[in-house]
């Protein structure tokens, strides 16, 4: 099996401070990799570097192609980024917003054609928010907005979907629904997903593998039950937790002393 | 759950095209009719259509009246159209690339640079507003472009990752600096104060088509540079980082759009002086009625900006006729309250 995403010795420095260093990671096609780690560990930085929106050292390969050799448009056709707090332009309707996802598929000056309109419409329908297409996105609820932003990423028709805390602004019901929708997209389209996820229990439930970052370095990778141990979480999060199994699911429960 | 989507790529519908064009045509006609010489709408319309090469409609006008239309009124009205369109479109473009609703063509030192250029030209040559050689326009144009180049260069060197904010702050710094020099030069040459002042307040006084022909090529080039980026400006509404993740070359797009908008604004300033507020109120008015997509805002701002400045000019020259009120005073007088109104009635515009 070929590797969908390969990161070698990746480092990021901004304003002379090292945000990431020596990251080695591989992600298989169709796999869901969860990025976990305490605040400031470098999860967002890693996602931004792979999306190519910030400069980095080292090598990032997408399906064997070095990201540095791809044009911004070629890169955006293969990698889509959903930021944690997307900028919501007031007055823009959801459909126009999702159409923005077609940008890397359009030549520089071209307008969207019928095919682009269909792809954007299908993306909205696939995420169950077709009825919102005319709504001003600045009036949407958190859960609705997250689905519309995911629809934009889907309209990019990427191979790799990068998600930065896709559920951090959502209530528990919406968290589950959005993650299920992402999982559905992944299996329906063979998407590879790399997602920073705060909630360790949800991360364990949805991700095939987890990568634990701390202080800009990769400290552990493996299946959720390999990575999520009480000892690891205590060391890197400075937190006291119980890792318990409920039926066949792992849960991380904070404990109070 | 609804499963049917009525999809639409943002565009100017034919109703908007028709309405805005009709408004512009009406403004042009009123502009041609208002004035000391009594000329009717019908005759003015026929004379207007006769401007198109190859068409020559008979009018009931005397030679003198035709002359007034062709040498005085039409050139002035058409100058107002292109200046108004240029200021409005470049205002909308600046607002788009800087994602700042208060951005306008004068933001990056255009006004201050043009003011300094014009002042230097007036002081050093003694040229007045009626001077036949285009010395003042040329100097104002060079000053405007230099102001923006300075702001842009400064903004990028200190910018780092916060490009937009640093560009705007650099513009403020450069404008303050250039204005200080301009004031100094002006004070040292008090005898030219009136000429400088006249220019700064803006005017569309023109005889013949020379000014119109002078600026039209620049404005057409600028219009192309801006309009081919109308979709890119919609993409930039989601911010530099997301636009970049969507494959847009944000830096290059911003540079081309700013260069084009500066070209248009500098050309407008060169022949008309500093006419404020147009670049803010016209695009905002358009957004209020037609939505925020630049694929609607840009074309409608061009048409309605032209109409707006023609109407402002009519007020400027008829309010205290035969004296003229500087048009910059009129646009500020109308613009400032309108601006407050826009802010009050709509929190959703940008």
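Protein chains in written order, with this note's numbering: chain Y, 1 to 257; chain A, 258 to 607.
Heads up, the beta-carbon is just placed ideally off N, CA and C, and yes, glycines get one too.
Predicted model, so just to flag it, every value in this text is computed and none were measured.
Span separating the alpha-carbon of residue i from that of residue j
i                     : j                     : result
residue 273 (chain A) : residue 584 (chain A) : 27 Å
residue 217 (chain Y) : residue 146 (chain Y) : 29 Å
residue 260 (chain A) : residue 99 (chain Y)  : Bear in mind that a pLDDT of 48 at residue 260 (chain A), under 50, signals an unreliable position, so the number given afterwards is only what the model happens to contain. Computed Cα separation, rounded: 18 Å.
residue 76 (chain Y)  : residue 582 (chain A) : 54 Å
residue 605 (chain A) : residue 353 (chain A) : Confidence in residue 605 (chain A) is poor, its pLDDT being 47 and thus under 50, which makes the residue's placement unreliable; the coordinate value appears in the next sentence. If I take the Cα positions, the gap works out to 15 Å.
residue 6 (chain Y)   : residue 26 (chain Y)  : 4 Å
residue 360 (chain A) : residue 483 (chain A) : 16 Å
residue 282 (chain A) : residue 534 (chain A) : 22 Å
residue 255 (chain Y) : residue 240 (chain Y) : 6 Å
residue 104 (chain Y) : residue 596 (chain A) : 37 Å
residue 291 (chain A) : residue 326 (chain A) : 11 Å
residue 160 (chain Y) : residue 47 (chain Y)  : 11 Å
residue 59 (chain Y)  : residue 69 (chain Y)  : 11 Å
residue 280 (chain A) : residue 493 (chain A) : 30 Å
residue 313 (chain A) : residue 307 (chain A) : 5 Å
residue 311 (chain A) : residue 298 (chain A) : 22 Å
residue 187 (chain Y) : residue 162 (chain Y) : 15 Å
residue 607 (chain A) : residue 422 (chain A) : Residue confidence for residue 607 (chain A) is low, a pLDDT of 43 falling below 50, so the modelled location carries little weight and cannot support an answer.
residue 92 (chain Y)  : residue 350 (chain A) : 17 Å
residue 480 (chain A) : residue 556 (chain A) : 10 Å
residue 18 (chain Y)  : residue 491 (chain A) : 34 Å
Host beta strand (DSSP E) of residue i (start-end)
i                     : result
residue 221 (chain Y) : 217–222
residue 254 (chain Y) : 249–254
residue 242 (chain Y) : 241–246
residue 160 (chain Y) : 160–164
Neighbouring residues, chain Y, relative to residue i (Cβ below 9 Å)
i                     : result
residue 231 (chain A) : Given a span of 258 to 607 for chain A in the structure shown, any question on residue 231 (chain A) remains unanswerable.
residue 544 (chain A) : 91
residue 512 (chain A) : Going along chain Y, no residue has its Cβ under 9 Å from residue 512 (chain A), so there is no contact; the nearest lies around 14 Å.
residue 597 (chain A) : Within chain Y, no residue comes near residue 597 (chain A); the closest Cβ sits about 19 Å away, beyond 9 Å.
residue 337 (chain A) : Within chain Y, no residue comes near residue 337 (chain A); the closest Cβ sits about 29 Å away, beyond 9 Å.
Counterpart residues of residue i in DSSP-defined beta bridges
i                     : result
residue 287 (chain Y) : Since the first residue of chain Y shown is 1 and the last is 257, residue 287 (chain Y) is not available in this structure.
residue 17 (chain Y)  : Y:14
residue 214 (chain Y) : Y:217
residue 209 (chain Y) : Y:33
residue 61 (chain Y)  : Y:6 and Y:66
residue 199 (chain Y) : DSSP lists no partner for residue 199 (chain Y).
residue 23 (chain Y)  : Y:10
residue 93 (chain Y)  : Y:136
First through last residue of the alpha helix (DSSP H) which encompasses residue i
i                     : result
residue 13 (chain Y)  : Segment 5–14 is the beta strand (DSSP E) holding residue 13 (chain Y); no alpha helix (DSSP H) there.
residue 573 (chain A) : 551–575
residue 237 (chain A) : This structure gives no information on residue 237 (chain A), because the portion of chain A shown stretches from 258 to 607.
residue 81 (chain Y)  : Where residue 81 (chain Y) is concerned, there is no enclosing alpha helix (DSSP H), although the beta strand (DSSP E) it sits in stretches over 79–82.
residue 142 (chain Y) : 142–155
residue 122 (chain Y) : 114–126
residue 335 (chain A) : 331–355
residue 532 (chain A) : Where residue 532 (chain A) is concerned, there is no enclosing alpha helix (DSSP H), given that its DSSP letter is neither H nor E.
residue 234 (chain Y) : 230–237
residue 299 (chain A) : 298–306
residue 611 (chain A) : Residue 611 (chain A) cannot be examined here, being either before or after the span of chain A that is shown, 258 to 607.
residue 488 (chain A) : 487–493
residue 483 (chain A) : 467–484
residue 48 (chain Y)  : 43–51
residue 501 (chain A) : 497–502
residue 457 (chain A) : 450–458
residue 320 (chain A) : 320–324
Best match in the options for proximity to residue i [C-alpha to C-alpha]
i                     : options                       : result
residue 439 (chain A) : A:296, A:499 and A:381        : A:381
residue 598 (chain A) : A:537, A:473, A:334 and A:414 : A:537
residue 340 (chain A) : A:590, A:579, A:561 and A:572 : A:561
residue 236 (chain Y) : Y:10, Y:38 and Y:32           : Y:38
residue 141 (chain Y) : Y:88, Y:111, Y:162 and Y:156  : Y:88
residue 36 (chain Y)  : Y:200, Y:133 and Y:49         : Y:200
residue 54 (chain Y)  : A:467, A:507 and A:267        : A:507
residue 580 (chain A) : A:268, A:270 and A:293        : A:293
residue 586 (chain A) : A:578, A:601 and A:570        : A:570
residue 403 (chain A) : A:369, A:441 and A:425        : A:369
residue 270 (chain A) : A:589, A:399 and A:550        : A:550
Cross-chain neighbours of residue i in chain Y, by beta carbon under 7 Å
i                     : result
residue 267 (chain A) : 96
residue 499 (chain A) : 83, 86 and 87
residue 485 (chain A) : 109
Contact test: residue i Cβ vs the ligand MG heavy atom, cutoff 7 Å
i                     : result
residue 500 (chain A) : Looking for the ligand MG in the displayed structure turns up nothing, as the structure carries no ligands at all.
Per-residue contacts from residue i into chain A (C-beta, under 9 Å)
i                     : result
residue 75 (chain Y)  : 502 and 504
residue 104 (chain Y) : 503, 504 and 505
Cross-chain neighbours of residue i in chain A, by beta carbon under 8 Å
i                    : result
residue 51 (chain Y) : 502
Under 8 Å from the C-beta of residue i: neighbouring residues of chain Y
i                     : result
residue 550 (chain A) : 92 and 96
Chain A residues whose Cβ lies nearer than 7 Å to that of residue i
i                     : result
residue 112 (chain Y) : 266
residue 99 (chain Y)  : 266
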